[in-house]
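Here the structure is laid out as structure tokens; the discussion comes afterwards.
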Amino acid sequence: MIKRILPAYYFGLECVYLYFLLFLFYTRTGKLPPMAATLCVIASGLLFLVFSLKVKKGSKFTPFIGAILSGGIGYFLGLTPMSALICIVFIFFRISAFTKDTALWTEERRKLALTFYCSSFLIFFLGWIFKYPYMNWLFWNVILFTVLFSIGRYLQQTDSNTVNRNPKFLAAFFGIAFLFAAGIASLLLPFAKWLLFNFFKGIILLISFLLALYSI
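With my numbering as the guide, the letters of the sequence shown map in order to residues 1238 to 1453.
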């Protein structure tokens, strides 16, 4: 059971990262990336991923067709041209990678978390600069990614035979883990926001101080 859902799970995890990256194009405008458009892009890309895994003969053309159609759907549903282009590039390269090398389903996850958290500093910094009104959405995206990534790491380390004998365990574990993380996040969110904003303020003050010393 676990092996069957791994491609969809990992692709979905990267799609959470994709939605997070779209905030780069919306922090300045003070708007949210269109949720419906993004979900349609993800659903379309996931369908083409499943299709390309089952129909190996069409795998050479499926990533390209899936990327164009998914990005086009997102554009007509409200994504900006640049956001739609990012979605097209993401869908194309990820479907191609997943269908060519199944080892990517486990190996790349080690780098994905580092990439996500490093890029989050840039997105949070832009949100702080432009006084983005939806900073809570950014925090909840980080929380969602952390929960999903942690669940995936746990399931990889768990005896797959035990999980396969008890399919209900998977659904219960996902639900309990998400509720627990949501409760903890609700308590820590104000402190995390205060810490992050003061961190950026400290960086700005430090840069200003260094520039002042350099100009003397």
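Using N, Cα and C, we set each Cβ at its ideal position, and we do this for glycine too. Since the structure is predicted, the reported quantities are computational estimates derived from the model, not experimental observations.
Is it buried or exposed for residue i, if we count other Cβ within 10 angstroms and need 16 for buried?
i, result
"T1264", "buried"
"N1373", "exposed"
"T1266", "exposed"
"Y1369", "buried"
"I1332", "buried"
What residue does the alpha helix (DSSP H) around residue i start on, and which one ends it?
i, result
"R1265", "Where R1265 is concerned, there is no enclosing alpha helix (DSSP H), given that its DSSP letter is neither H nor E."
"L1284", "1272-1291"
"G1309", "1299-1313"
"K1337", "1318-1337"
Select from the options the residue whose C-alpha is nearest the C-alpha of residue i.
i, options, result
"A1280", "F1262, K1291, L1306, V1384", "L1306"
"P1271", "I1310, F1329, F1353, K1368", "I1310"
"Y1254", "T1352, S1387, I1388", "T1352"
"L1316", "S1387, L1258, F1376, W1377", "L1258"
"L1314", "C1277, Y1354, I1366", "C1277"
"I1337", "G1308, K1291, P1318, L1250", "It is worth fixing the name first, because residue 1337 is Lys in this sequence and not Ile. That would be K1291, whose Cα lies nearest to the Cα of K1337."
"L1269", "Y1371, L1381, F1382", "Y1371"
"L1286", "Y1312, G1249, P1318, C1355", "G1249"
"E1251", "A1321, F1335, A1273, F1367", "F1335"
How many whole angstroms separate the CB atoms of residue i and residue j, which I take to be in contact at a CB cut-off of 8 angstroms?
i, j, result
"L1261", "L1363", "7 angstroms"
"I1328", "G1303", "6 angstroms"
"S1357", "V1384", "Actually they are not in contact, since the Cβ atoms of S1357 and V1384 sit about 15 angstroms apart, beyond 8 angstroms."
"T1199", "F1288", "One cannot answer for residue 1199 here, as it falls past the ends of the chain, which runs 1238 to 1453."
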